[in-house]
Amino acid sequence: MKEKQRLSDISWKKWGPYVSNREWGVVREDYSADGDAWNYTNHDTAEAKAYRWGEEGICGICDDLQKLVFSIGFWNKKDRMIKERFFGLTNGQGNHGEDVKEYFYYLDSTPTHSYMKMLYKYPQNPFPYEDLIRTNAARDKTEPEYELIDTGIFDQNEYFDIFIEYAKESQNDILVRLTVVNKSEKEAPLVILPTAWFRNTWKWGYDDYKPQLTGGEEWSVKVNHKDLEIKNIYAKQSLKILFCDNETNNSRLYQSPNEYKYCKDGINDFVITGNTESVNLQNTGTKASFFIDESFKAKETKIFEFRLTDKDLEQPFKDFDAVFNSRQQEADEFYSEIQKGIQSDDEKLVQRQAFAGMLWNKMFYHYNVEKWLKGDPAEMKPPASRGKIRNQDWKHLNNEHIISMPDKWEYPWYATWDLAFHTISFSLIDPEFSKHQLKLFLFEWYMHPNGQLPAYEWNLSDVNPPVHAWAVFRVFKIDEYLQGKADIAFLESAFQKLLLNFTWWVNKKDNNGNNIFEGG
1 MKEKQRLSDI SWKKWGPYVS NREWGVVRED YSADGDAWNY TNHDTAEAKA YRWGEEGICG
61 ICDDLQKLVF SIGFWNKKDR MIKERFFGLT NGQGNHGEDV KEYFYYLDST PTHSYMKMLY
121 KYPQNPFPYE DLIRTNAARD KTEPEYELID TGIFDQNEYF DIFIEYAKES QNDILVRLTV
181 VNKSEKEAPL VILPTAWFRN TWKWGYDDYK PQLTGGEEWS VKVNHKDLEI KNIYAKQSLK
241 ILFCDNETNN SRLYQSPNEY KYCKDGINDF VITGNTESVN LQNTGTKASF FIDESFKAKE
301 TKIFEFRLTD KDLEQPFKDF DAVFNSRQQE ADEFYSEIQK GIQSDDEKLV QRQAFAGMLW
361 NKMFYHYNVE KWLKGDPAEM KPPASRGKIR NQDWKHLNNE HIISMPDKWE YPWYATWDLA
421 FHTISFSLID PEFSKHQLKL FLFEWYMHPN GQLPAYEWNL SDVNPPVHAW AVFRVFKIDE
481 YLQGKADIAF LESAFQKLLL NFTWWVNKKD NNGNNIFEGG
């Protein structure tokens with residue numbers, strides 16, 4: 001099947017790169033009394049805290065409701081923690097605000113994510129967490145940012161190039177290839193932890209159904225979830241598999257008794273300290289990692305392969321290379337058609353990687369304002385002061401969709417006027433996704449009853465430039481040009497809601513008749 005044909009089948013988009021690069025430090029995870037989202041959760045607590053609204057990971061994928069997540073962790077045997085999330089500075093720590101301090105590159109993706117590729121550069125020496133925080137804190141706004149490369153961590157090429165590729169055999173059959181290159185002239189160790197876990201949906205007091213991951217053969221994990229087609233995760237080689245639960249380590253974070261014996265940071269504790277009591281030796285849990293402990297000779301390359309599938313396979317890697325080759329070829333053919341008017345190979349590469357950046361920055365975004373303000377039945381009631389800090393006028397807002405993000409680390413929340421511009425670029429490769437994104441924010445569980453569009457989670461009532469209607473019309477015209485026919489139904493459905501938005505603008509923001517829509 002060609003990629004263009006797959007675009008008409010929404011089930012091919014069920015799995016994708018929908019995992020945030022950062023879930024800590026965001027408003028939706030903030031249950032503080034003063035609304036200090038940056039400090040309520042942080043990079044250090046993220047290791048041990050089960051999130052309420054979403055998950056994070058390195059080069060992660062998940063289903064479109066984020067029931068199951070797969071991403072990859074690493075340990076160079078020198079860091080104080082597993083590298084299972086990207087590090088960066090908070091808004092208060094950076095001399096220019098929040099700033100990711102890692103190097104990763106989105107190299108390729110098709111619109112259905114039938115093929116994806118990215119690169120992460122992981123240092124072989126201790127990651128300079130404290131140096132980055134301390135040095136940036138000493139700089140003012142007039143000085144340049146102190147970046148990871150400035151620390152000298154990449155001197156003598158002492159790092160790994162880690163290429164992560166995904167290829168779909170079918171909608172619920174995903175092949176994973178990990179290519180690790182030692183860039184150094186020295187031998188270096190690396191622990192690799194391909195990890196699967198369930199988003200915690202069972203502890204909040206609504207639905208106590210708890211799925212399970214269990215050990216199968218030495219090279220497989222069984223996925224038991226009533227709502228998922230995926231039922232096996234295979235590794236090509238026989239490996240030790242570590243199990244724990246996606247549950248908060250209360251003892252570590254709050255000095256109170258743990259509800260569960262094997263907490264979210266259990267695998268980290270086993271890998272870093274060898275604590276066998278932190279993982280479930282009965283081979284069951286809601287989080288599981290394949291444990292790969294390798295040594296790489298100077299300049300050596302090694303390949304590791306995995307498969308998430310809805311099938312029971314006796315030889316899960318028999319057709320592995322053939323599937324990868326087909327999906328890569330189909331990706332080339334798809335972009336060849338898109339770029340037929342571009343002569344320069346360099347320009348083609350730049351555009352294709354730009355599309356990859358857009359596609360990899362899709363994210364599962366979950367935020368129910370009423371539940372967030374009230375708190376959950378099974379949890380402690382949040383401080384009453386939260387009801388006066390932000391978003392109290394948006395109790396109707398209930399977001400649980402795949403949405404285009406400005407950036408999944410620095411801005412892992414939608415910004416509605418940014419999204420309007422995103423849809424213009426997306427319309428060149430996937431007009432249906434563009435139309436869906438634009439219509440999404442006009443639905444009654446997004447748009448305010450008064451006609452205002454939600455801005456962003458830090459202040460949903462903030463006012464953004466009125467570009468949504470412009471984007472709807474531009475996407476409509478681009479789609480008409482590409483498809484050879486006009487989607488009048490899309491235009492009509494958007495028009496009715498945009499009239500409400502226009503009325504809100506006129507009544508609330510131009511009540512003095514200053515003609516803001518004509519430039520003032």
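Just so you know, we're using the working numbering here: the sequence shown kicks off at 1 and counts up by one.
Even for Gly, the Cβ is constructed at its ideal location relative to N, Cα and C.
These numbers come from a predicted model, not from an experiment.
Following the DSSP letters along the chain, one finds G357 inside the alpha helix (DSSP H) bounded by residues D345 to W360.
Taking 8 Å as the upper bound for CB-CB distance, E55 and S20 are in contact here, some 7 Å apart.
Collapsing the DSSP output to three states places P316 in coil. Inclusion of F160 and I241 in the CB contact set at 8 Å is not warranted, their separation being larger than that value. Judged by DSSP secondary structure, T309 falls outside any alpha helix (DSSP H) and instead within the beta strand (DSSP E) spanning T301 to T309. Contact check for T41 against W53 fails: the beta carbons are separated by 8 Å or more. Excluding sequence positions up to five before and after F433, its CB lies within less than 6 Å of the CB of F426, all in the same chain and listed in chain order. Between the C-alpha atoms of G92 and A37 there is a straight-line separation of about 11 Å. Judged by beta-carbon spacing, E337 lies beyond the 8 Å limit of R28, meaning their Cβ atoms are not closer than that value. Per the coordinates, the alpha-carbon of E84 lies some 20 Å from the alpha-carbon of D131.
Listed as beta-bridge partners of T179 by DSSP are F163 and I303.
DSSP, read as helix, strand or coil, puts F243 in strand.
F70 carries a strand assignment under DSSP once its states are collapsed to helix, strand and coil.
Straight-line spacing of the CA atoms in T90 and T135 works out to 14 Å. Around the Cβ of L349, a 10 Å sphere holds fewer than 16 other Cβ atoms; the residue is exposed. Between the beta-carbon of T45 and that of L253 there is about 6 Å, and that keeps the pair under the 8 Å contact cut. In chain order, F334 and E337 place their CB closer than 8 Å to the CB of K4, counting only its own chain and leaving out the 5 sequence neighbours on each side. Burial check for Q255: the Cβ neighbour count within 10 Å stays below 16, so the residue is exposed. Put simply, the region 176-196 does not touch the region 136-153. Fewer than three CB pairs are less than 8 Å apart. Within the same chain, and ignoring the five residues on either side of K299 in sequence, the residues whose Cβ sits closer than 7 Å to its Cβ are N182.
The C-beta of W470 has fewer than 16 other C-beta atoms within 10 Å across all chains shown, which makes the residue exposed. Here F291 carries a strand assignment [DSSP, helix/strand/coil].
Sixteen is the threshold: since fewer than 16 other Cβ atoms of the shown chains lie within 10 Å of the Cβ of Q237, the residue is exposed.
In terms of Cα proximity to E379, the closest of K203, P466 and N501 is K203. Close CB contacts of M447 within its chain, under the 8 Å cut and outside five residues either way in sequence, are with F441, L453, P454, K497, L500 and N501 (chain order). The residue from R327, S170, K287 and E185 with its alpha-carbon nearest to that of V223 is K287.
If only uninterrupted beta strand (DSSP E) runs of at least 3 residues are considered, none is enclosed by the region 419-450.
For the 8 Å CB-CB criterion, R327 and A167 form a contact. In this structure, the alpha-carbon of E294 lies about 11 Å from that of V180. By the Cβ criterion, the region 151-159 is in contact with the region 117-127, since at least three pairs of Cβ atoms, one from each stretch, lie closer than 8 Å.
Of the candidates R199, F317, M81 and L460, the residue whose Cα lies closest to the Cα of A235 is F317. Distance from N459 to D407 at the Cβ level is roughly 19 Å; contact not present, criterion being Cβ atoms closer than 8 Å.
Take the alpha-carbon of S404 and the one of Q437: they are about 8 Å apart.
When the beta-carbon positions are compared, W504 and N450 come within less than 8 Å of each other. Runs of beta strand (DSSP E) with 3 or more residues, each lying fully within the region 47-92, are found at 61-63 and 68-75, listed in chain order. Excluding five sequence positions before and after E185, the CB atoms of its chain that fall closer than 6 Å to its own CB belong to A298, given in chain order.
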